[in-house]
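Following: one structure in structure tokens, then a few remarks.
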Ligand code: HEC
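Residue numbers (this note's numbering): 270 to 477.
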């Protein structure tokens, strides 16, 4: 290796206030003896020590309260509180009608439908192996309160399975959602059964 001459461009004359120089020199490059301050090194060492405990807790402990888990727990508590606020919903006409017009609860009802019913009734209720819910014809429904009945007990010898995993509140909510699909007339499975009388007028406005 050849030794390069010092680069006059990067060299400068020593100035007052410069820290002392270290005793090594490479290719004419000298270094000030200018170590990082003690407080900085201390913080660095602490972060390394901290990382060991952090890694043990977050990577090895399955019960570590990770943000996702905390969120899930909080959401469960929140949902329970919401359901508690709702009280026990009765599967009667008045309750179903009022839920149909409830902008806070219809999205919840829709998610119950999405989670339990779309395999057979189609993503938007247009029907698949189960009937189209968006027209005016029904096989097992004559009045509004027949809907929770069919959901709870099933129909056609189990072709429509009884929804035993749903709570009563969930049955009432999803009944209101199913009832609210009526009249959208989405293309899908052709109408089956008999055309029934319109649902009674809902008391609160805003139903779909
Ligand atoms: C395994 C498929 C399947 C699932 C899942 C299913 N259904 Fe059904 N459902 C059917 C079939 C099939 C019928 C028609 C029964 C008949 O022919 O009488 C039906 C009928 C109905 C009816 C009566 C419609 C009519 O015209 O008489 C309602 C209301 C209904 N289902 C609601 C629901 C709801 C709400 C869910 C979800 C919580 C659900 N179903 C889940 C298959 C299903």
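For each residue, glycine too, the CB sits at the ideal point set by N, CA and C. A quick note: this is a predicted structure, and the numbers were derived from the prediction, not measured.
Check                                                                                                                                                             : Outcome
Kindly indicate the opening and closing residues of the alpha helix (DSSP H) around residue 415.                                                                  : 415-422
In angstroms with no decimal places, state the Cα-to-Cα distance between residue 456 and residue 450.                                                             : 13 Å
In the structure shown, what three-state DSSP assignment does residue 355 receive?                                                                                : helix
Going by DSSP in three states, residue 470 sits in which element: helix, strand or coil?                                                                          : coil
Within a Cβ cutoff of 8 Å, which residues of the same chain sit near residue 365, ignoring the five residues on either side of it in sequence?                    : 413, 414, 416, 417, 441, 444, 445, 448
Going by the beta-carbon positions, is the gap between residue 460 and residue 401 smaller than 8 Å?                                                              : yes
On the CB-based measure, 16 or more other CB atoms within 10 Å of its CB, does residue 347 come out buried or exposed?                                            : exposed
At a cut-off of 7 Å, would you count residue 379 as near the ligand HEC, judging by its Cβ distance to the nearest heavy atom?                                    : no
Under a Cβ-count criterion, where at least 16 other Cβ atoms within 10 Å of its own Cβ denotes burial, should residue 298 be classed as buried or exposed?        : exposed
Which of the three DSSP states, helix, strand or coil, is assigned to residue 284?                                                                                : coil
Which value, in whole angstroms, describes the spacing of the CA atoms of residue 391 and residue 325?                                                            : 47 Å
Are the beta-carbon atoms of residue 434 and residue 424 separated by less than 8 Å?                                                                              : no
Rounded to a whole number of angstroms, what is the C-alpha to C-alpha distance between residue 292 and residue 282?                                              : 17 Å
Using a Cβ-Cβ cutoff of less than 8 Å, which residues in the same chain neighbour residue 290 once the five nearest sequence positions on both sides are dropped? : 299, 300, 301, 302
State the start and end residues of the unbroken alpha helix (DSSP H) segment that holds residue 437.                                                             : 437-450
Helix, strand or coil: which one does DSSP assign to residue 305?                                                                                                 : coil
Residue 349 by DSSP, collapsed to three states: which one?                                                                                                        : helix
Less than 7 Å separating the Cβ of residue 385 from some heavy atom of the ligand HEC?                                                                            : yes
Flag residue 461 as yes when its Cβ comes closer than 7 Å to any non-hydrogen atom of the ligand HEC, and as no otherwise.                                        : yes
Indicate whether residue 377 and residue 389 have their beta-carbon atoms separated by less than 8 Å.                                                             : no
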